[in-house]
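There are 2 protein chains.
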Amino acid sequence: MRRPTPVQLPRGRPRSFDTEAAVERAMDVFWSRGYHATALPDLLRATKLSRGSLYAAFGDKHSLFLRALDRYIADAMTRMDIEFDPCGDPVDGLRAYLAGYVDRNSGANGRRGCLLVATAMELAGRDVDVDRRIGSFFKAMEARVAAALSRAKAAGQLADGVEPSSAARILVCFVEGLRVVGKTAPTRIISQATVDAFLDRFIR
Amino acid sequence: MRRPTPVQLPRGRPRSFDTEAAVERAMDVFWSRGYHATALPDLLRATKLSRGSLYAAFGDKHSLFLRALDRYIADAMTRMDIEFDPCGDPVDGLRAYLAGYVDRNSGANGRRGCLLVATAMELAGRDVDVDRRIGSFFKAMEARVAAALSRAKAAGQLADGVEPSSAARILVCFVEGLRVVGKTAPTRIISQATVDAFLDRFIR
DNA sequence: CGATTTCAAGACCGATCGGTTCATATTTCG
DNA sequence: CGAAATATGAACCGATCGGTCTTGAAATCG
Chain A
339 MRRPTPVQLP RGRPRSFDTE AAVERAMDVF WSRGYHATAL PDLLRATKLS
389 RGSLYAAFGD KHSLFLRALD RYIADAMTRM DIEFDPCGDP VDGLRAYLAG
439 YVDRNSGANG RRGCLLVATA MELAGRDVDV DRRIGSFFKA MEARVAAALS
489 RAKAAGQLAD GVEPSSAARI LVCFVEGLRV VGKTAPTRII SQATVDAFLD
539 RFIR
Chain B
339 MRRPTPVQLP RGRPRSFDTE AAVERAMDVF WSRGYHATAL PDLLRATKLS
389 RGSLYAAFGD KHSLFLRALD RYIADAMTRM DIEFDPCGDP VDGLRAYLAG
439 YVDRNSGANG RRGCLLVATA MELAGRDVDV DRRIGSFFKA MEARVAAALS
489 RAKAAGQLAD GVEPSSAARI LVCFVEGLRV VGKTAPTRII SQATVDAFLD
539 RFIR
């Protein structure tokens with residue numbers, strides 16, 4: 339005979355807050371201020387958690403930061419999976435992908451910057467957990483861009499002499515550089531024009 | 339009758355350390371660790387100054403950081419002035435400029451990153467002094483690249499349809515993006531190949 | 001009910017932060 | 001020499017850091 343509920347239910351008061359929502363709020367803080375400049379009170383205010391609850395749920399500041407970073411990366415990946423949908427036109431995908439960067443690079447979004455780029459510059463080389471995440475994200479992004487470029491080349495939509503894999507590396511550098519320059523000059527019109535001119539060099 | 343020395347000489351013990359050398363050592367520390375992660379003891383160790391001397395000479399941590407940032411920017415500007423020498427071939431200048439980025443992006447240099455990019459991501463938007471410096475540097479760099487591209491275009495060395503001013507914006511984004519990606523993957527061969535492929539899109 | 005668990009609030013911890021001050025030694029000057 | 005300036009190193013400052021612990025209320029179970 340099988341027990342009806344082989345998994346033991348917790349006995350006491352159930353958790354009353356949404357862990358994932360707390361991670362998202364914490365992500366917002368790290369995103370705006372960076373890792374070192376974010377203090378515990380900032381996180382408590384944003385998550386509306388008490389010190390005790392936050393530590394019980396996430397361990398420590400560094401672990402919470404990694405959760406936030408993972409969340410940021412997951413969001414970026416699902417966005418790319420939509421933009422680079424293999425059923426759609428690859429050039430349309432590239433345009434959508436770049437349009438997203440223009441958007442995230444304009445006005446307040448631009449001034450806020452990119453958590454990934456900021457983390458890479460602040461912590462990479464001194465934090466192995468961060469290193470792994472940033473490195474694998476850039477590789478994944480490059481692979482998706484390269485795949486789109488390959489499909490575009492097969493369809494004869496690439497300019498002469500464009501090689502998908504090296505063009506993908508160029509494109510990744512370009513968009514991450516956009517994020518850097520956009521921190522001080524988040525001008526939508528210029529970003530858009532720059533992206534358009536960039537794409538003109540690669541698309542037939 | 340004129341006094342022989344109208345400028346008053348200081349009476350006591352003269353300064354015994356080189357201010358500019360101290361700024362350079364401080365720059366190295368900020369460069370490696372970032373602003374927030376750099377503590378006073380780090381700066382004292384690097385400059386070999388006592389707390390008192392450092393504060394007497396530079397005021398506070400923030401002022402010293404600005405001096406270090408100014409030094410970094412000045413170095414970058416003089417480098418560009420050499421690379422983009424108006425007497426030389428503009429395409430050679432662009433190649434030299436990009437070769438410098440490949441070099442600074444490889445191995446230990448790459449892992450160290452770029453003080454300007456790191457500062458932009460860490461402090462821009464929250465520190466007006468930093469904002470001004472970063473913004474004007476990017477503008478100055480873009481102007482120099484645009485000038486070189488203009489000269490190249492006049493000499494018929496640019497690919498069809500390349501417009502110097504927008505290409506300059508693209509190039510600036512590209513090299514700054516290189517610095518970001520190079521933090522986790524400072525591979526000389528790949529950087530070099532990426533730069534070469536990039537230039538192929540713009541140079542005839 | 002009583003056991004159990006989670007909650008918020010805040011006291012508390014040692015360490016470190018950026019910054020000031022002080023005592024003392026040293027080096028230049030008139 | 002004695003005044004003036006700079007050097008060092010350590011003591012000291014209040015504030016804040018990340019992190020732990022306690023308290024007492026609230027919520028859920030058997």
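Protein chains in written order, with this note's numbering: chain A, 339 to 542; chain B, 339 to 542. Think of the CB as a built atom: it goes at the ideal place given N, C-alpha and C, for glycine as much as any other residue.
query, result
"Stretch-stretch touch, CB-based, cutoff 8 Å, three pairs: the stretch 377 to 397 of chain B with the stretch 480 to 490 of chain A", "no"
"R383/A beta carbon near the ligand GDP (any heavy atom closer than 7 Å)", "As presented, the structure is devoid of all ligands, the ligand GDP included, so that no description of it is given."
"Nearest neighbour of D465/A, chosen from A359/B, L454/B and R449/B [CA to CA]", "R449/B"
"Bridge-paired residues (DSSP) for L496/A", "I541/A"
"Pairwise C-alpha distance: R507/B and M418/B", "16 Å"
"Contact between the stretch 454 to 474 of chain B and the stretch 514 to 531 of chain A (3+ Cβ pairs under 8 Å)", "yes"
"Alpha-carbon to alpha-carbon, E362/B and A377/B", "16 Å"
"The stretch 432 to 445 of chain B touching the stretch 521 to 529 of chain B, judged by at least three CB pairs closer than 8 Å", "yes"
"Closest by C-alpha distance to A414/A, when choosing among R389/A, H374/A, S474/A and A359/A", "S474/A"
"8 Å Cβ cutoff, S504/A in contact with chain B", "yes"
"Cross-chain neighbours of I528/B in chain A, by beta carbon under 8 Å", "R507"
"Chain-ordered neighbours of E358/B on chain A, where CB pairs are closer than 9 Å", "Those within 9 Å of E358/B in chain A number zero; the least Cβ separation is about 26 Å."
"Per-residue burial, C511/A [other beta carbons within 10 Å of its own, 16 or more giving buried]", "buried"
"Residue nearest to H400/A in terms of C-alpha spacing, selected from P502/A, Y373/A and L496/A", "Y373/A"
"Nearest candidate by alpha-carbon position, reference S354/A, set G499/A, G438/A, S391/A and A384/A", "S391/A"
"Backbone secondary structure at D366/A - three-state DSSP", "helix"
"Sequence-distant residues of the same chain with beta carbon closer than 6 Å to L432/B, five excluded per side", "A486"
"Any C-beta of chain B under 8 Å from that of R340/A", "For R340/A, the predicted structure reports a pLDDT of 49, less than 50, and the residue's modelled location is therefore unreliable. A value from the coordinates is still provided. No, R340/A lies away from the interface with chain B (no Cβ there is under 8 Å from its Cβ)."
"Neighbour flag for M415/B against chain A, beta carbons, 8 Å", "no"
"Under the three-state DSSP convention, the category R507/B falls into", "helix"
"Min CB distance G451/A to chain B below 8 Å", "yes"
"Nearest neighbour of G494/A, chosen from P428/A, M479/A and G451/A [CA to CA]", "P428/A"
"Counted within 10 angstroms of its Cβ, other Cβ atoms place R416/A as buried (16 or more) or exposed", "Reading off the sequence, residue 416/A comes out as Thr, not Arg. Its Cβ having fewer than 16 others within 10 Å, T416/A is exposed."
"Rounded straight-line distance, which links the Cα of S370/B to that of R542/A", "43 Å"
"8 Å Cβ cutoff, R539/B in contact with chain A", "yes"
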